[in-house]
Amino acid sequence: FYPRFRSIAGEPWRRFPHVVHSRSGDIWEMPLSTWGTDKFLIPAAGGNYFRQAPRSIVRKIFRQWATTYKFPFNMYFHIWELDPDLPEISSVSWLSRIRMYRNIGNMVDLYKTFLEEYHFTDIAHHLQMMPCEIENPDNQQSGEKSQPLSTTCSRGKACSCTEKFNNKKNGILSKDRGEAAKESSDISDITIIIPCYNEELIIPYLANTLHEVKSRLSNQWKLHFLFVDDGSTDNTWEAIQKNFGNDPEFAFVRHCTNRGVAAAILTGIKQAKTTIVCSIDCDCTYDPLQLESMLPMLKEDISLVTASPYHPLGKVLNVPGWRLFLSKGLSRIYGLILHHKLATYTSCFRVYRREAVADLDLQHENFLGIAELIVLLDLRGKKIVECPAVLEVRIFGTSKMKTMHTILGHLGLIVHTLRLRSKIDNHKNIQ
């Protein structure tokens with residue numbers, strides 16, 4: 192923020208709106224309002240400063256400014272401060288969470304109080320700036336007589352201008368995609384499974400992502416989506432119906448109780464009507480658009496393509512180092528006992544050939560079952576490949592995986608796998 196502390200000790204007038212003269216014209220500088228003396232100023236203009244300071248102090252600052260200075264109080268606020276259902280981002284530090292969420296529930300009442308007690312306007316109206324006009328680019332391209340667009344037009348005009356340009360662009364894109372789809376004689380049907388458990392906050396954001404997936408991939412594959420609600424205890428099922436219930440390309444399955452992510456994926460695979468089935472993470476820790484790289488890798492002799500952030504060409508973003516160490520360590524152990532030497536065995540982000548996995552009987556229905564799927568396919572002699580991918584820490588909510596419990600479970604699965612492989616090898620030797 193500026194001015195700050197003693198930054199304008201010799202020029203106290205910089206604390207208030209002032210004109211800076213230049214050869215090209217005058218520039219109005221509108222500093223954010225501060226509190227204190229000219230020798231030591233602290234911020235008091237909104238945002239985090241309003242959220243952290245006691246409400247009584249904030250109101251006192253307003254009253255003091257209004258009775259002391261002839262200049263307007265120059266403040267700001269964030270739109271998301273008014274959101275009653277603001278989701279909490281869990282992937283940031285505790286200090287960032289305090290800065291963003293402390294007293295966030297009080298902000299609407301605080302701003303209502305300000306609006307009732309004081310008169311507000313924007314900088315342009317305060318300075319009596321005349322609206323300027325810009326040329327309509329649509330008319331310039333068509334050769335029509337130019338109709339100016341005002342930068343201070345009403346909301347309706349601004350919206351209609353935006354819609355007009357966007358619709359024109361979307362029309363071109365839709366036509367291109369449609370022609371591409373017609374020209375392609377080999378469009379495969381694909382089912383994308385989205386397992387979810389207590390993901391009520393995620394669903395509205397996932398909707399935008401899945402619409403983008405449809406837009407990007409629909410010219411190469413005919414997409415079907417299948418949500419599997421794994422016995423959620425919040426409003427996940429209602430959120431799914433609200434956001435996707437009217438789309439015929441989406442189907443929904445619900446477990447009566449929470450069985451685990453592997454069980455949810457296997458339920459989706461068995462319910463799917465297509466030969467190719469994908470599973471993605473509901474929290475989008477893997478960008479579903481990476482399917483564009485994974486799907487072509489499912490050749491006729493391939494049973495499974497798994498996303499691999501630990502591949503030399505993969506990447507991991509913002510995941511704690513200790514968790515990476517444990518995950519990579521487990522992957523190395525699996526690589527020692529299985530035929531497939533993969534970099535990643537535990538990713539839920541995969542492309543399956545349905546016939547290869549639909550009849551599998553998992554002993555573990557939770558996160559362990561994800562690795563068990565690869566173990567069983569490996570022991571059956573099926574072919575598995577991995578695709579370099581980017582893994583990010585989830586933004587909203589918390590992971591459902593209990594780390595130490597899962598690690599101990601993996602060690603048990605590794606021992607069980609060694610026994611199974613020993614039996615298979617002995618059987619081959621007898622034959």
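Under my numbering, read the sequence shown as residues 192 to 622, first letter to last.
Every residue, glycine too, gets a C-beta built ideally from N, C-alpha and C.
Boundaries of the alpha helix (DSSP H) in which residue i is found, first to last residue
i: His209; result: Looking at the DSSP string, His209 is not in any alpha helix (DSSP H); the run it does join, the beta strand (DSSP E), is 209 to 213.
i: Ala549; result: Here Ala549 belongs to no alpha helix (DSSP H), and DSSP marks it neither H nor E.
i: Tyr302; result: 298 to 308
i: Pro395; result: 394 to 408
i: Ala453; result: 452 to 462
Span separating the alpha-carbon of residue i from that of residue j
i: Ile528; j: Leu570; result: 10 Å
i: Thr608; j: Arg523; result: 14 Å
i: Ile575; j: Tyr302; result: 57 Å
i: Tyr292; j: Pro275; result: 12 Å
i: Ser224; j: Ala580; result: 46 Å
i: Pro203; j: Tyr309; result: 25 Å
i: Lys506; j: Tyr525; result: 20 Å
i: Glu272; j: Lys573; result: 52 Å
i: Asp425; j: Asp474; result: 16 Å
i: Arg610; j: Glu563; result: 14 Å
i: Leu553; j: Val606; result: 16 Å
i: Ala549; j: Lys461; result: 6 Å
i: Thr353; j: Ile314; result: Any reading at Thr353 needs caution, since the residue's pLDDT is 27, under 50, leaving its predicted position unreliable; the model's value is listed next. Distance between the alpha carbons of Thr353 and Ile314 is about 24 Å.
i: Leu551; j: Ile270; result: 49 Å
i: Phe540; j: Gly436; result: 24 Å
i: Val211; j: Lys251; result: 31 Å
i: Phe262; j: Pro208; result: 7 Å
i: Asp472; j: Gly238; result: 33 Å
i: Gly201; j: Met221; result: 18 Å
i: Asp300; j: Leu318; result: 29 Å
i: Val510; j: Ile280; result: 14 Å
i: Met320; j: Asp217; result: 13 Å
Residue range of the beta strand (DSSP E) that includes residue i
i: Val496; result: 495 to 499
i: Thr225; result: 225 to 228
i: Ile431; result: Premise fails: Ile431 lies in the alpha helix (DSSP H), 427 to 435, not in any beta strand (DSSP E).
i: Val566; result: Here Val566 belongs to no beta strand (DSSP E); instead the alpha helix (DSSP H) covers 559 to 570.
i: Arg541; result: 541 to 544
For residue i, the three-state DSSP class (helix, strand or coil)
i: Tyr477; result: strand
i: Glu577; result: strand
i: Ile471; result: coil
i: Asp274; result: coil
i: Phe268; result: coil
i: Asp420; result: strand
i: Phe241; result: helix
i: Arg504; result: According to the sequence as given, residue 504 is Leu; it is not Arg. The answer is coil: DSSP assigns Leu504 none of H, G, I, E or B.
i: Phe311; result: coil
i: Glu483; result: helix
i: Tyr292; result: helix
i: Arg610; result: helix
i: Pro203; result: helix
i: Phe262; result: coil
i: Leu599; result: helix
i: Leu604; result: helix
i: Leu318; result: coil
i: Leu582; result: strand
Which residues DSSP lists as bridging residue i, in chain order
i: Arg445; result: Asp420
i: Thr382; result: His415, Val468
i: Arg523; result: Arg523 pairs with nothing; no bridge assigned.
i: Asp217; result: His212
i: Ile511; result: A small fix is needed here, since residue 511 is Pro in this sequence, not Ile. The partner list for Pro511 (beta bridge, DSSP) is empty, contrary to what the question assumes.
i: Phe231; result: Thr228
Just checking, does the stretch 498 to 517 make contact with the stretch 451 to 466 on the three C-beta pairs under 8 Å criterion? no
Any contact between the stretch 429 to 444 and the stretch 544 to 555? By contact I mean 3 or more CB pairs, one from each, below 8 Å. no
Closer than 8 Å is the cut-off here; do at least three beta carbon pairs connect the stretch 476 to 495 with the stretch 445 to 453? no
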